[in-house]
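**Student:** Residue numbers (the numbering used here): 3 to 120. First, the structure itself, so that you have it in front of you.
This is the structure:
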């Protein structure tokens with residue numbers, strides 16, 4: 003039996019990991035901004051690289067659109083109270099997401115979240 007080079011094996015494992023990232027489900031997210039902190043709930047549906055869903059939190063609810071490319075995620079929504087909101091980050095193998103956020107007129111910050119359900 004012929005052995006594959008280590009680089010090929012690692013590349014194949016990376017590809018499998020990237021295909022496994024599925025954000026579909028409900029996520030509880032902690033948001034930390036210079037203006038204060040809060041919590042948000044996102045319900046996502048992922049189809050390929052496309053991400054859709056809803057935001058529910060301190061500022062009501064809004065429709066969300068974004069993308070998932072490997073372990074990199076990005077989504078945004080518009081909200082009457084704060085303006086345009088953008089999340090950018092990554093998903094790890096343990097089902098956690100983290101990254102940075104720009105919350106419209108409230109400014110920049112960070113977020114961290116966990117999947118609550120599928």
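Idealized CB from N, CA, C, for every residue including glycine.
Check whether the Cβ atoms of residue 97 and residue 105 lie closer than 8 Å to each other.
**Tutor:** Translated into the one-based positions of the chain shown, residue 97 becomes position 95. Translated into the one-based positions of the chain shown, residue 105 becomes position 103. No, these two residues do not count as a Cβ contact at 8 Å.
**Student:** Could you check how far apart the C-beta atoms of residue 69 and residue 51 are, in whole angstroms? I think they sit under 8 Å.
**Tutor:** As a working mapping, residue 69 is identified with position 67 in the chain shown. As a working mapping, residue 51 is identified with position 49 in the chain shown. Right, their Cβ atoms sit about 5 Å apart.
**Student:** Note down, one range per segment and in chain order, each beta strand (DSSP E) of at least 3 residues found wholly within the segment 15-74.
**Tutor:** Listed in chain order, the complete beta strand (DSSP E) runs (minimum 3 residues) inside the segment 15-74 are 27-35, 38-49, 52-59 and 62-71.
**Student:** If you measure between the beta carbons of residue 90 and residue 61, is that distance less than 8 Å?
**Tutor:** Translated into the one-based positions of the chain shown, residue 90 becomes position 88. Translated into the one-based positions of the chain shown, residue 61 becomes position 59. Contact: no.
**Student:** Where does residue 71 land, buried or exposed, given buried means 16+ other C-beta within 10 angstroms?
**Tutor:** Position 69 of the chain shown, counted from the start, is the residue given in the question as residue 71. Exposed is the call here.
**Student:** Just to confirm my understanding: we take residue 85, look at its own chain, exclude 5 residues before and 5 after, and list those with CB closer than 7 Å. What are they?
**Tutor:** Within the chain shown, numbered from 1, the residue matching residue 85 stands at position 83. For residue 85, where only same-chain residues beyond five positions count, the Cβ hits under 7 Å are 106 and 107.
**Student:** Figure out for me which residue from 23, 55, 56 and 31 has the closest Cα to the Cα of residue 100.
**Tutor:** Numbered from its first residue, the chain shown carries residue 100 at position 98. Looking at the Cα atoms, 31 is the closest of the given residues.
**Student:** Cutting at 8 Å between CB atoms, please list the residues of its own chain near residue 109, excluding the five before and the five after it.
**Tutor:** By one-based count along the chain shown, residue 109 stands at place 107. Same-chain partners within the cutoff: 35, 36 and 37.
**Student:** Just how far apart, CA to CA, sit residue 26 and residue 74?
**Tutor:** Along the chain shown, read from residue 1 onward, the residue named residue 26 stands at position 24. Along the chain shown, read from residue 1 onward, the residue named residue 74 stands at position 72. So the two alpha carbons sit approximately 15 Å from each other.
**Student:** How long is the line joining the alpha carbons of residue 88 and residue 95, rounded to whole angstroms?
**Tutor:** Start at 1 with the first residue of the chain shown, and residue 88 comes out as number 86. Start at 1 with the first residue of the chain shown, and residue 95 comes out as number 93. Approximately 23 Å, taken between the alpha carbons.
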